[in-house]
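Chains as they are written, first to last, in the working numbering: chain A, 8 to 246; chain B, 8 to 246.
Encoded as structure tokens, the structure appears first; notes follow it.
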């Protein structure tokens, strides 16, 4: 940018330390689906909605579980901070990530005033190696004492995910490449926290998936046809 | 909050000035509907979507139009900053206000690193006196050189408004208490930037409005029935 002389003079005299300063952090709610080990060879493993958490190694809230996060550095945009934080926890670069909400309660961090710009990210856990982090079932998190206001951030993230699942395709960023209709329905039901009628569910997803010529190969029950997301090609990632 | 001795010691030694500091501002896109003076007594005045702008009195961007905004002070939450900024520009307290998005480009403010947490607010212009600000037609703003990245913020706000108009009732926060169906349709068309078929439009708004026993009283054309929003009672404001 170029400014006229008066404006340039104003800018030269401007001292940022005259103004209230606040730290800005990014915290990310990373969602993924994980499978429990089936109790019987006749059943598929139950799928659950998981959130990536890290055990804090330092004060404040040392040893408590927290969302992965970090401070926004002077030379990076907020989106770049989000990408950097994700990179320290997973090896996958191409994951769905969007800004959620900015949390600004005055005492949310005991160190100093820290405003947190929260993001949500969706990953396919089967393709994602995680480092220094763990997947925790969203249902278990509800009864866990988390660091900072991260429980509030997670509630807001779940609300966003529930709101978006019906009018967008974002759920497929968490699905494996091929899945059965009932696996997909189980995920919808887990996120929406209600049972869905199969006929109504098929209407919801019609136009979003296409069938493959492959079937599940689990011994013990009838093979089910595998489907894939209609948008699942390389250039649709990170849209 | 209470902390154990080690944690308290850590906090006592913590020096915020060791960490990158950033200013956080709030900028608000306030939407309202205004009527032009009718060209003929046989026509109603055309309604247009307006955005509240202020002419900057100081550098940077002195004399340019900008969104109303202000820095987040140490003792206030981001929502409180938004309320304070609105209060300096309008006399109305009870207006619809929601967080939009946080903008964090590195050079968006020539003074220093300023991250802007943007809000949208919707007001009924007939009930709202504005101070040190003006209403500018959204169509005119598109061709106006605004301060900072406020043009980008406004684009995002218009996108949010367009997205929400069909699945929420927020449009009614901008409507007068009583309105005709065609006035309401004109607002939808202005926001969505397309013509709507009357039959389809009636389906969109069915369940959202109820008819009154009153009619327009403009000389020169057939009186039209007035309607009001079904949610228009005191306790639905600010939901």
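Built from N, CA and C at the ideal position, the CB exists for glycine as well.
Closest to residue i by C-alpha separation, out of the options, would be which residue?
i: residue 134 of chain B; options: B:214, B:155, B:171 and B:182; result: B:182
i: residue 63 of chain A; options: A:152, A:167, A:164 and A:196; result: A:152
i: residue 56 of chain A; options: A:118, A:164 and A:29; result: A:164
i: residue 15 of chain A; options: B:99, B:104, B:11 and B:117; result: B:117
i: residue 58 of chain B; options: B:222, B:223, B:96 and B:17; result: B:96
i: residue 160 of chain A; options: A:140, A:122 and A:223; result: A:122
i: residue 234 of chain B; options: B:184, B:13, B:28 and B:157; result: B:184
i: residue 66 of chain A; options: A:154, A:91 and A:76; result: A:154
i: residue 217 of chain A; options: A:202, A:197, A:236 and A:178; result: A:236
i: residue 197 of chain A; options: A:94, A:172, A:98 and A:220; result: A:172
Quick check: is the beta carbon of residue i nearer than 8 Å to any beta carbon in chain B?
i: residue 161 of chain A; result: no
i: residue 230 of chain A; result: no
i: residue 30 of chain A; result: yes
i: residue 77 of chain A; result: no
i: residue 118 of chain A; result: yes
i: residue 126 of chain A; result: no
Return the CA-CA distance between residue i and residue j, expressed in angstroms with no decimal places.
i: residue 102 of chain A; j: residue 37 of chain A; result: 10 Å
i: residue 242 of chain B; j: residue 238 of chain A; result: Annotation note: pLDDT 40 at residue 242 of chain B (below 50); position unreliable, coordinate value reported separately. C-alpha separation (whole angstroms): 44 Å.
i: residue 39 of chain A; j: residue 89 of chain A; result: 17 Å
i: residue 108 of chain B; j: residue 125 of chain B; result: 5 Å
i: residue 35 of chain A; j: residue 180 of chain A; result: 16 Å
i: residue 176 of chain A; j: residue 193 of chain B; result: 32 Å
i: residue 240 of chain B; j: residue 120 of chain A; result: Confidence in residue 240 of chain B is poor, its pLDDT being 49 and thus under 50, which makes the residue's placement unreliable; the coordinate value appears in the next sentence. C-alpha separation (whole angstroms): 38 Å.
i: residue 142 of chain B; j: residue 195 of chain A; result: 44 Å
i: residue 246 of chain A; j: residue 105 of chain A; result: Reliability fails at residue 246 of chain A, whose pLDDT of 36 lies under 50, so the model's placement of it is uncertain and no value is given.
i: residue 72 of chain B; j: residue 61 of chain B; result: 5 Å
i: residue 214 of chain A; j: residue 41 of chain A; result: 25 Å
i: residue 205 of chain B; j: residue 53 of chain B; result: 18 Å
i: residue 170 of chain A; j: residue 169 of chain B; result: 17 Å
i: residue 70 of chain A; j: residue 13 of chain A; result: 53 Å
i: residue 231 of chain A; j: residue 200 of chain B; result: 46 Å
i: residue 140 of chain B; j: residue 156 of chain A; result: 37 Å
i: residue 31 of chain B; j: residue 228 of chain B; result: 52 Å
i: residue 137 of chain B; j: residue 76 of chain A; result: 41 Å
i: residue 158 of chain B; j: residue 144 of chain A; result: 41 Å
i: residue 78 of chain A; j: residue 203 of chain A; result: 41 Å
i: residue 131 of chain B; j: residue 224 of chain B; result: 21 Å
i: residue 92 of chain A; j: residue 129 of chain A; result: 14 Å
i: residue 166 of chain A; j: residue 174 of chain B; result: 16 Å
i: residue 162 of chain B; j: residue 220 of chain A; result: 44 Å
Does any residue of chain A have a CB that is nearer than 8 Å to the CB of residue i?
i: residue 168 of chain B; result: no
i: residue 2 of chain B; result: Because chain B here runs from 8 to 246, residue 2 of chain B falls outside it and cannot be looked at.
i: residue 104 of chain B; result: no
i: residue 235 of chain B; result: no
i: residue 66 of chain B; result: yes
i: residue 74 of chain B; result: no
i: residue 109 of chain B; result: yes
i: residue 129 of chain B; result: no
i: residue 205 of chain B; result: no
i: residue 71 of chain B; result: no
i: residue 242 of chain B; result: Per-residue confidence for residue 242 of chain B stands at a pLDDT of 40, beneath the threshold of 50, marking its modelled position as unreliable; the derived number appears in the next sentence. It does not: the Cβ of residue 242 of chain B has no partner Cβ on chain A nearer than 8 Å.
What do you reckon, is the C-beta of residue i under 7 Å from a heavy atom of the ligand GTP?
i: residue 224 of chain A; result: This structure lacks the ligand GTP; in fact it carries no ligand of any kind.
With a floor of 3 residues, list each beta strand (DSSP E) that falls wholly inside the stretch 78-144 of chain A, ordered by position along the chain. 103-110, 121-129 and 141-144
Does the stretch 104-115 of chain B come within contact of the stretch 82-96 of chain A, defined as at least 3 CB pairs closer than 8 Å? Short answer: they touch.
Below 8 Å, how does it come out for the stretch 13-28 of chain B and the stretch 143-158 of chain B: are there three or more Cβ pairs, yes or no? no
Could you say if the stretch 205-214 of chain B and the stretch 187-195 of chain B meet the contact criterion of at least three C-beta pairs nearer than 8 Å? yes
Segments assigned beta strand (DSSP E), at least 3 residues, entirely inside the stretch 210-241 of chain A: 216-222 and 232-236
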